[in-house]
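**Student:**
There are 2 protein chains.
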Amino acid sequence: MEKENELFGVKEIARRANVSTATVDRVLHNRTGVSEKTKAKINAIIKEMDYQPNILASRLASKKIISLAALLPDVSEETDFWSAPLGGIRRAEAEMRQYGVQVQVFLFDLNNKDSFAGQIRLALEGGFHGMLISPSFIEETRKFAAECARRKIPYVFIDSDIPDLHSLSYIGPHLRKSGYVGAKLLTYRLEAEKKVLIINISKEIDNFNYLEIEDGFRAYFNDNNQPNEIVRIDIRETDYQSVARHLTYVFHLNKDIGAAFVTNSRVHTVASFLKNSHRTHVSLIGYDFVRENVDYLENNVIDFLICHRPDDQGYRGMMALYQTLVVNAPVTKQNYMPIDIVTKENYEFYQN
Amino acid sequence: MEKENELFGVKEIARRANVSTATVDRVLHNRTGVSEKTKAKINAIIKEMDYQPNILASRLASKKIISLAALLPDVSEETDFWSAPLGGIRRAEAEMRQYGVQVQVFLFDLNNKDSFAGQIRLALEGGFHGMLISPSFIEETRKFAAECARRKIPYVFIDSDIPDLHSLSYIGPHLRKSGYVGAKLLTYRLEAEKKVLIINISKEIDNFNYLEIEDGFRAYFNDNNQPNEIVRIDIRETDYQSVARHLTYVFHLNKDIGAAFVTNSRVHTVASFLKNSHRTHVSLIGYDFVRENVDYLENNVIDFLICHRPDDQGYRGMMALYQTLVVNAPVTKQNYMPIDIVTKENYEFYQN
DNA sequence: ATGGATTACGGGCACGTGCCCGTAAAGGTA
DNA sequence: TACCTTTACGGGCACGTGCCCGTAATCCAT
Numbered sequence: 002m003e004k005e006n007e008l009f010g011v012k013e014i015a016r017r018a019n020v021s022t023a024t025v026d027r028v029l030h031n032r033t034g035v036s037e038k039t040k041a042k043i044n045a046i047i048k049e050m051d052y053q054p055n056i057l058a059s060r061l062a063s064k065k066i067i068s069l070a071a072l073l074p075d076v077s078e079e080t081d082f083w084s085a086p087l088g089g090i091r092r093a094e095a096e097m098r099q100y101g102v103q104v105q106v107f108l109f110d111l112n113n114k115d116s117f118a119g120q121i122r123l124a125l126e127g128g129f130h131g132m133l134i135s136p137s138f139i140e141e142t143r144k145f146a147a148e149c150a151r152r153k154i155p156y157v158f159i160d161s162d163i164p165d166l167h168s169l170s171y172i173g174p175h176l177r178k179s180g181y182v183g184a185k186l187l188t189y190r191l192e193a194e195k196k197v198l199i200i201n202i203s204k205e206i207d208n209f210n211y212l213e214i215e216d217g218f219r220a221y222f223n224d225n226n227q228p229n230e231i232v233r234i235d236i237r238e239t240d241y242q243s244v245a246r247h248l249t250y251v252f253h254l255n256k257d258i259g260a261a262f263v264t265n266s267r268v269h270t271v272a273s274f275l276k277n278s279h280r281t282h283v284s285l286i287g288y289d290f291v292r293e294n295v296d297y298l299e300n301n302v303i304d305f306l307i308c309h310r311p312d313d314q315g316y317r318g319m320m321a322l323y324q325t326l327v328v329n330a331p332v333t334k335q336n337y338m339p340i341d342i343v344t345k346e347n348y349e350f351y352q353n
Numbered sequence: 002m003e004k005e006n007e008l009f010g011v012k013e014i015a016r017r018a019n020v021s022t023a024t025v026d027r028v029l030h031n032r033t034g035v036s037e038k039t040k041a042k043i044n045a046i047i048k049e050m051d052y053q054p055n056i057l058a059s060r061l062a063s064k065k066i067i068s069l070a071a072l073l074p075d076v077s078e079e080t081d082f083w084s085a086p087l088g089g090i091r092r093a094e095a096e097m098r099q100y101g102v103q104v105q106v107f108l109f110d111l112n113n114k115d116s117f118a119g120q121i122r123l124a125l126e127g128g129f130h131g132m133l134i135s136p137s138f139i140e141e142t143r144k145f146a147a148e149c150a151r152r153k154i155p156y157v158f159i160d161s162d163i164p165d166l167h168s169l170s171y172i173g174p175h176l177r178k179s180g181y182v183g184a185k186l187l188t189y190r191l192e193a194e195k196k197v198l199i200i201n202i203s204k205e206i207d208n209f210n211y212l213e214i215e216d217g218f219r220a221y222f223n224d225n226n227q228p229n230e231i232v233r234i235d236i237r238e239t240d241y242q243s244v245a246r247h248l249t250y251v252f253h254l255n256k257d258i259g260a261a262f263v264t265n266s267r268v269h270t271v272a273s274f275l276k277n278s279h280r281t282h283v284s285l286i287g288y289d290f291v292r293e294n295v296d297y298l299e300n301n302v303i304d305f306l307i308c309h310r311p312d313d314q315g316y317r318g319m320m321a322l323y324q325t326l327v328v329n330a331p332v333t334k335q336n337y338m339p340i341d342i343v344t345k346e347n348y349e350f351y352q353n
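Chains as they are written, first to last, in this note's numbering: chain S, 2 to 353; chain A, 2 to 353.
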């Protein structure tokens, strides 16, 4: 093949500036030991020829390994949702390893704030160059962010955001819009006189995610003058018995519920209840491409699942760190994931 | 950081085999000049320590540029659909350039078979190491594939497949399933006595894609005992006037059409007709995230768009070639894209 | 003016692989 | 045995960058 685009390197810069490559290198990494005059001259040349360092050579020559940490909830007995982001992180790791990047994963218990704080402490002790975190507990995350800022360690959020913190990037859903989409799908064929049930199943009291989703959901009803009455229920226990008990009560009080919206991946528990109580005529929508949910999608109990590509979130999160730390390229701060609609008919091709 | 995983290279192999790195290199690239005995010994060591060559060093040391060709339809006046795959290809190119890979794009006229053949000829003359092609014309593509096979050049198909050819990989939709999804969405809130209209707008006679989609569409009706009558129409001219004329006639003959399904991205032309003739109560579904379609989605004329991530198709197609030619890693042959559902509510986050 | 500290810069090796070139050993022919 | 060809292998440079180390030049205090 023809050598078409012969890219120039430090040697060419050095030649044009009448200095050695070492001096150019000092300027590139803005280290000390260069007079202001030559520094300016070299910088001018770099700018003029739009010098792009050869990452291959750079990573090859530098022996220092870049290490990244990822803090995620462990896969719980209730849902394997978090295995998807982990998969994406592993995928990114495999891709980056040969470029001298190492990844370490810290898993915490989603039902245990202390575990979250503990893993944060461990990760901060590790002296990593960049961090990815799912900010499950807000106050602890604030402390974490403050410490990262102090040490000048870039960090990215995935899955949910804390907008006023200075993360390198947020990669996850626009929750409000996601609830909005849920409302559209739920009402698409719903009769006007039917009621709509919003179900939140979560042990966490201060669930920011949930509030955003419900807010978006209700916004759709407002924006479109949707006539249906909305009933809501919070269920603080996640086991089937508790959920069934609460739902039995709600369905007893409201005879004409035509559709239900579950604000997280525990929609399969509701599906199980609807199936067992012979209420599969109720439209059901919930979140996340996890096996239990897909099973009920397959059996027509769940109508739609909404997903935000958790695998991709993990992958992109790590790649954002790679971009900053290795390639030294800018990264977009807000990175909203698509709001995917999964049905019985298209789930087999869905890429989580 | 600690040097944790010290990977071994050719030097280590050479040391263990009591040969020079040059000999190991000869074995690795199975070149001549090595006795069977030492070859076997070296291969054993390579296998034993699961040697992974350092791609950085490899690409840095080898000056030979790998060049790839991409053959796509040009962006036409009717639709800018093909700008999306092109974008993905450019994205891949930017990522691969620093690893010594070059990409050249050949654009042909989708309405002109000769142009297709001509660009194929040009590309084959270029002496590329790998090819990506949208197999728009079947017979010409067969010749192309045969020639590639003769020269041992790997090629990938995107957007539509010719399954019996030995492409390195197919990256695109499962068209039958895609039509199936369309039928689901179209009938989701359709009343039983309403008719359904399938519209194919295309100058091409032998449109394989279209047949697959319609087949899947009808399969859904069969599988679910959907009572609605299906009416179909082929329109061979793509301009608005012709389409409007045909549609006026069809709607005149069939008073009770409740939903229309357009098998390609020209759904915006139908949308325009429905709007102009005050028939926006008709549910409308079609293909592809192009600007005109999104406008009608925004205005509630189009209910759903089905998309297959054309940008990603281009990106992945190029990456499949990169994987084979540079990384020397295996690639999956069938690579069905997700069947994405785009609505007014989620389109702003869609990533083409 | 002399010595020591500081500044500003160049030389050159290393990273792991590709590959050219040189050469000892083996084999063949007269 | 002398000479030539073929086979089998090693030496060593190159790729572009990072970075250690050495040193000439300058500055400052005595």
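Glycine is no exception: its CB is placed at the ideal position from the N, C-alpha and C atoms.
Using beta carbons (cut-off 9 Å, strictly below), is Phe9(S) in contact with chain A?
**Tutor:** The count along the first sequence starts at 1 and reaches residue 9(S) at position 8. No, no contact with chain A.
**Student:** Would you mind reading off the limits of the beta strand (DSSP E) that contains Ile159(S)?
**Tutor:** The sequence position of residue 159(S) within the first sequence is 158, counting from 1. It spans Tyr156 to Ile159 - the beta strand (DSSP E) in which Ile159(S) sits, taken as one unbroken run.
**Student:** Any idea what DSSP makes of Ile121(A), helix, strand or coil?
**Tutor:** Translated into the one-based positions of the second sequence, residue 121(A) becomes position 120. Reduced to three states, the DSSP call for Ile121(A) is helix.
**Student:** My guess is that Asn255(S) and Lys196(S) are in contact by the Cβ rule of under 8 Å, so how many angstroms apart are they, rounded?
**Tutor:** What you label residue 255(S) is simply residue 254 of the first sequence in a count that begins at 1. What you label residue 196(S) is simply residue 195 of the first sequence in a count that begins at 1. Right, the Cβ-Cβ distance comes to about 5 Å (below 8 Å), so this counts as a contact.
**Student:** Just mark Lys4(S) as buried or exposed, buried being the case when its beta carbon has 16 or more other beta carbons within 10 Å.
**Tutor:** The residue given as residue 4(S) occupies position 3 in the first sequence. Confidence is the limiting factor: at Lys4(S) the pLDDT is only 34, short of 50, which leaves the residue's position unreliable, though a coordinate-based value still follows. Burial call: exposed.
**Student:** For the alpha helix (DSSP H) containing Asp341(A), name the first residue and the last one.
**Tutor:** Counting from 1 along the second sequence, the entry for residue 341(A) is found at position 340. Where Asp341(A) is concerned, there is no enclosing alpha helix (DSSP H), although the beta strand (DSSP E) it sits in stretches over Asp341 to Val343.
**Student:** Check each residue of the stretch 95 to 109 of chain S: if its Cβ is closer than 7 Å to any Cβ of chain A, include it; give the result in chain order.
**Tutor:** Answer set for the stretch 95 to 109 of chain S: Gln99, Tyr100 and Gln103.
**Student:** In whole angstroms, what separates the C-alpha of Phe145(A) from that of Gln335(A)?
**Tutor:** Numbered from 1 along the second sequence, position 144 holds the residue referred to as residue 145(A). Numbered from 1 along the second sequence, position 334 holds the residue referred to as residue 335(A). Approximately 20 Å between the Cα atoms of the pair.
**Student:** Applying the criterion that 16 or more other CB atoms from any shown protein chain within 10 Å of the CB defines a buried residue, is Ile139(S) buried or exposed?
**Tutor:** Locating residue 139(S) in the first sequence gives position 138, counting from the first residue. When all chains shown are included, Ile139(S) counts as exposed.
**Student:** Near Tyr156(S), what residues of its chain come up, given a Cβ to Cβ distance below 8 Å and the 5 sequence neighbours on each side ignored?
**Tutor:** Within the first sequence, residue 156(S) is the residue found at index 155, counting from 1. Only Gly131, Met132, Leu133, Ile134, Phe145, Ala146, Cys149, Ser168 and Leu169 meet the Cβ criterion.
**Student:** In this structure, does DSSP put Ala71(S) in helix, strand or coil?
**Tutor:** Residue 71(S) sits at position 70 when you count from the first residue of the first sequence. Reduced to three states, the DSSP call for Ala71(S) is strand.
**Student:** For Ile340(A) and Thr325(A), what's the separation of their Cα atoms in angstroms?
**Tutor:** As a first step, residue 340(A) must be located in the second sequence, where it is residue number 339. As a first step, residue 325(A) must be located in the second sequence, where it is residue number 324. Roughly 26 Å between the two C-alpha positions.
**Student:** Against chain A, does Ala58(S) count as a neighbour if the rule is that its beta carbon must be under 9 Å from one of theirs?
**Tutor:** Start at 1 with the first residue of the first sequence, and residue 58(S) comes out as number 57. Cβ-Cβ to chain A under 9 Å: yes for Ala58(S).
**Student:** At a CB-CB cut-off below 9 Å, which residues of chain S make contact with Val182(A)?
**Tutor:** The count along the second sequence starts at 1 and reaches residue 182(A) at position 181. What Val182(A) touches in chain S: Thr344, Glu346 and Asn347.
**Student:** In chain order, what residues of the stretch 327 to 340 of chain S put their CB closer than 8 Å to some CB of chain A?
**Tutor:** Under the 8 Å Cβ criterion, the stretch 327 to 340 of chain S contributes Tyr337, Met338, Pro339 and Ile340.
**Student:** Round the Cβ separation of Leu176(A) and Glu213(A) to the nearest angstrom and send it over; I've been treating them as touching at under 8 Å.
**Tutor:** Within the second sequence, residue 176(A) is the residue found at index 175, counting from 1. Within the second sequence, residue 213(A) is the residue found at index 212, counting from 1. Indeed, because the Cβ distance is near 4 Å, the residues count as touching under 8 Å.
**Student:** Does Tyr52(S) get closer than 9 Å to chain A when you measure Cβ to Cβ?
**Tutor:** Your numbering for residue 52(S) matches position 51 in the first sequence. Not closer than 9 Å to any Cβ of chain A, the Cβ of Tyr52(S) fails to qualify, so no.
**Student:** I need the straight-line Cα distance from Val291(S) to Asp165(A), nearest angstrom please.
**Tutor:** By one-based count along the first sequence, residue 291(S) stands at place 290. By one-based count along the second sequence, residue 165(A) stands at place 164. C-alpha separation (whole angstroms): 34 Å.
**Student:** Thinking Leu57(S) and Tyr100(A) are a contact (beta carbons under 8 Å), I'd like their distance in whole angstroms, please.
**Tutor:** One-based indexing of the first sequence puts residue 57(S) at position 56. One-based indexing of the second sequence puts residue 100(A) at position 99. Right, the Cβ-Cβ distance comes to about 7 Å (below 8 Å), so this counts as a contact.
**Student:** How far does the alpha helix (DSSP H) with Ser243(A) in it extend, from its first residue to its last?
**Tutor:** Numbered from its first residue, the second sequence carries residue 243(A) at position 242. Unbroken alpha helix (DSSP H) run through Ser243(A): Tyr241 to Leu254.
**Student:** Alpha helix (DSSP H) containing Lys276(S): first to last residue?
**Tutor:** For the purposes of this step, residue 276(S) is identified with residue 275 of the first sequence, where counting begins at 1. Run containing Lys276(S): Val268 to Asn277, per the alpha helix (DSSP H) assignment.
**Student:** In terms of DSSP beta bridges, what is Asp235(A) paired with?
**Tutor:** Position 234 of the second sequence holds residue 235(A). In the DSSP output, where bridge partners are listed per residue, Asp235(A) has Asn201(A).
**Student:** Taking a Cβ distance cut-off of 7 Å, strictly less, list which residues of the stretch 226 to 254 of chain A are near chain S, in chain order.
**Tutor:** Hits within the stretch: zero.
**Student:** Taking contact to mean at least 3 C-beta pairs separated by less than 8 Å, is the stretch 218 to 226 of chain A in contact with the stretch 183 to 191 of chain A?
**Tutor:** Short answer: they touch.
**Student:** Taking the C-alpha atoms as reference points, what is the distance between Val343(S) and Ile303(S)?
**Tutor:** Within the first sequence, residue 343(S) is the residue found at index 342, counting from 1. Within the first sequence, residue 303(S) is the residue found at index 302, counting from 1. Between Val343(S) and Ile303(S), the C-alpha separation is close to 10 Å.
**Student:** Helix, strand or coil, according to DSSP, for Ile163(A) in the structure here?
**Tutor:** By 1-based counting over the second sequence, the position of residue 163(A) is 162. The answer is coil: DSSP assigns Ile163(A) none of H, G, I, E or B.
**Student:** Go ahead and pull the three-state DSSP assignment for Met319(A).
**Tutor:** By one-based count along the second sequence, residue 319(A) stands at place 318. DSSP places Met319(A) in helix when its eight states are reduced to three.
**Student:** In chain order, what residues of the same chain lie with their CB nearer than 6 Å to the CB of Phe158(S), ignoring the 5 residues before and after it?
**Tutor:** Residue mapping note: residue 158(S) aligns to position 157 of the first sequence, counting from 1. Taken in chain order, the residues that qualify are Pro136, Ser168 and Tyr171.
**Student:** For Met2(A), I'd like the list of residues in its chain whose CB is within less than 6 Å of its CB, leaving aside the five on either flank, ordered along the chain.
**Tutor:** As a first step, residue 2(A) is located in the second sequence; it is residue number 1 there, counting from the start. Its pLDDT being 32, under 50, Met2(A) is placed unreliably by the model, and nothing is read from it.
**Student:** Who are the near neighbours of Ile47(S) in its chain, counting only those whose CB is closer than 7 Å to its CB and skipping five residues on each side?
**Tutor:** Here residue 47(S) corresponds to residue number 46 of the first sequence, with the count starting at 1. If we look at Ile47(S) and ignore the five residues flanking it on each side, its Cβ neighbours are Ile14.
**Student:** Just the chain S side, please: which residues come within less than 9 Å of Gln120(A) by C-beta, in chain order?
**Tutor:** Here the question's residue 120(A) lines up with position 119 in the second sequence. None at all; the shortest Cβ gap to chain S is about 20 Å.
**Student:** List the DSSP bridge partners of Phe107(A).
**Tutor:** By 1-based counting over the second sequence, the position of residue 107(A) is 106. Looking at the DSSP assignment, Phe107(A) forms a beta bridge with Leu72(A).
**Student:** Taking 9 Å as the threshold (beta carbon to beta carbon), is His30(S) in contact with chain A?
**Tutor:** Counting from one through the first sequence, the residue named residue 30(S) turns up at place 29. His30(S) does not count as touching chain A.
**Student:** Cβ-heavy atom distance between Leu285(S) and the ligand ADP below 8 Å?
**Tutor:** The ligand ADP is not part of this structure, which contains no ligands at all.
**Student:** Based on Cα-Cα distance, which residue from Asp235(A), Pro174(A), Asn300(A) and Ile236(A) lies nearest to Gln314(A)?
**Tutor:** Taking the second sequence and counting its residues from 1, the one referred to as residue 314(A) is at position 313. With distances taken between Cα atoms, Gln314(A) lies closest to Pro174(A).
**Student:** Leu285(A) lies in the alpha helix (DSSP H); which residues open and close that run?
**Tutor:** As a working mapping, residue 285(A) is identified with position 284 in the second sequence. Looking at the DSSP string, Leu285(A) is not in any alpha helix (DSSP H); the run it does join, the beta strand (DSSP E), is Ser284 to Tyr288.
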